[in-house]
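The block underneath contains the structure these notes are about, expressed in structure tokens.
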Ligand SMILES: N[C@@H](CCC(=O)N[C@@H](CS)C(=O)NCC(=O)O)C(=O)O
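Numbering (my numbering), first residue to last: 16 to 401.
Below, the structure is given as structure tokens:
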């Protein structure tokens, strides 16, 4: 172990991180891209169902990725892990220090994480070719410790994913074209950016790029149907995905964010303002009304969506950050997002954050727990860096 103390947090860093996840997972891909960019050595440990449960017990949240830090400490939730690691390894920060650019990068991370999830899962599980391939991969990967014949493991995972990520997440024959449009519109908006500049916020990679990387890399670039669309419709996005996987953030360390948002990002901000912010607002309102589902109208197409506590917390965090900005930054954001979205961001944040109000959200950036023998049944997939 490297026991050199970080003077700010006095935390010792492990030599290698142990990342529990899957090489087809959205958020594992987001974290892997970031760790590669920062050149932080890690091993990817392919989860099986037992490891998924064990990690969930250790952190209090059943999700992937989950990261073993050191001395029995765990990291969970990429949106908390990234700022934590940025502080630990400050030479290669992806969070802009200038407050307005920082807010924009975090807003786009929210959009990438929470808005593109639905179309990403839709293409994977609604399209026959994609569903066949991915159910095969999950049955032989994550489900390898389930004592059932292969065809039954495959059948079980296919049905589980279709139930949760299609039927319970707004999918029907009527809404399918709109869910596809969420991908196509984002692809077009990103294509307009990458035809002009190398990264979302200019010539330096930032949190905004990693916010898009999970869905764009692990789903839209790799799953057959959306990948075909990306190759023909958005070649600059295709090229950006590959570049993100290969870049070293240290090569960009000397560059500064210039504090100006280029005109080519306009299409992206229109999507954030017209669909994503109203969606986040409707989700929080439904949670306040103690509903489990709500109807969201996406350009006139009604979708029945489940309420997410976690997304209410993300939206409250977004408002807190917006309200902490100075007047001129708020005005600049109004010119990017329009009056209506700004009014939503100005709404009061209830006392405490949603995380405190809704105790099931237990994600902590770092959690002290007794060391457990977690690795007995797991398999190290790949060794990255060194
Ligand atoms: N906010 C979390 C989201 C993690 C997440 O939702 N991961 C997905 C896989 S990519 C998951 O664990 N899904 C659980 C399931 O499918 O049951 C993060 O950023 O790490």
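No residue lacks a Cβ here, since even glycine has one placed at the ideal position from N, Cα and C.
Item, Value
"Residue environment, residue 76, which counts as buried when at least 16 other CB atoms sit within 10 Å", "buried"
"Cα-Cα separation between residue 67 and residue 138, rounded to whole angstroms", "24 Å"
"Span of the alpha helix (DSSP H) around residue 182", "Run containing residue 182: none; DSSP gives neither H nor E here."
"Neighbourhood of residue 183 by C-beta, 7 Å cutoff - its chain only, sequence neighbours within 5 removed", "321"
"Contacts around residue 154, its chain only, beta-carbon distance under 7 Å, and the 5 residues preceding and following it disregarded", "165, 168, 169, 172"
"Helix, strand or coil at residue 287 according to DSSP, with G and I counted as helix", "helix"
"Residues bridged to residue 1 [DSSP beta-bridge criterion]", "One cannot answer for residue 1 here, as it falls past the ends of the chain, which runs 16 to 401."
"Whether residue 46 touches residue 80 by CB criterion (8 Å)", "yes"
"Nearest-angstrom Cα separation, counted from residue 128 out to residue 345", "23 Å"
"Candidates 132, 217, 112, of which the one nearest residue 176 by Cα", "132"
"8 Å Cβ cutoff met for residue 97 and residue 225", "yes"
"Length of the line joining the Cα atoms of residue 282 and residue 334", "22 Å"
"For residue 91, three-class secondary structure by DSSP", "strand"
"Three-state secondary structure assigned by DSSP to residue 35", "strand"
"Separation of residue 142 from residue 181, as counted between CA atoms", "11 Å"
"Contact check, residue 106 vs residue 265, beta carbons under 8 Å", "yes"
"Straight-line gap, residue 71 to residue 78 (C-alpha atoms, nearest Å)", "7 Å"
"Proximity test, residue 158 beta-carbon vs ligand 1 heavy atom, cut-off 7 Å", "no"
"Of the listed residues 364, 227, 313, 38, nearest to residue 336 (C-alpha basis)", "364"
"Start-to-end residues for the beta strand (DSSP E) that takes in residue 354", "Element bounds for residue 354: not the beta strand (DSSP E) but the alpha helix (DSSP H), 354-361."
"Beta-carbon spacing of residue 287, residue 193 below 8 Å", "no"
"6 Å CB neighbourhood of residue 427 in its chain, flanking five on each side removed", "The requested residue 427 does not occur in the structure, where the chain is confined to residues 16 to 401."
"Residue 123 beta carbon less than 8 Å from that of residue 223", "yes"
"Continuous alpha helix (DSSP H) stretch holding residue 83: start and end", "Per DSSP, residue 83 belongs to no alpha helix (DSSP H); it is in the beta strand (DSSP E), 81-83."
"heavy atom of ligand 1 below 7 Å from residue 149 C-beta", "no"
"One or two residues paired with residue 217 in a DSSP bridge", "214"
"Contact with chain C by residue 200, beta-carbon distance below 8 Å", "Reference to chain C is not applicable here, since this structure consists of a single protein chain."
"Residue environment, residue 326, which counts as buried when at least 16 other CB atoms sit within 10 Å", "buried"
"Through-space distance from residue 199 to residue 318, alpha-carbon basis", "18 Å"
"Exposed unless 16 or more other CB atoms sit within 10 angstroms - verdict on residue 150", "buried"
"Enclosing alpha helix (DSSP H) for residue 261 [first to last residue]", "250-261"
"Beta-carbon proximity check, residue 241 vs residue 148, cutoff 8 Å", "no"
"Heavy atom of ligand 1 within 7 Å of residue 79 beta-carbon", "yes"
"Whole-angstrom distance between residue 293 and residue 235, CA atom to CA atom", "24 Å"
"Proximity below 8 Å, CB of residue 48 to CB of residue 328", "no"
"Segment limits, alpha helix (DSSP H) that includes residue 236", "Per DSSP, residue 236 belongs to no alpha helix (DSSP H) and is neither H nor E."
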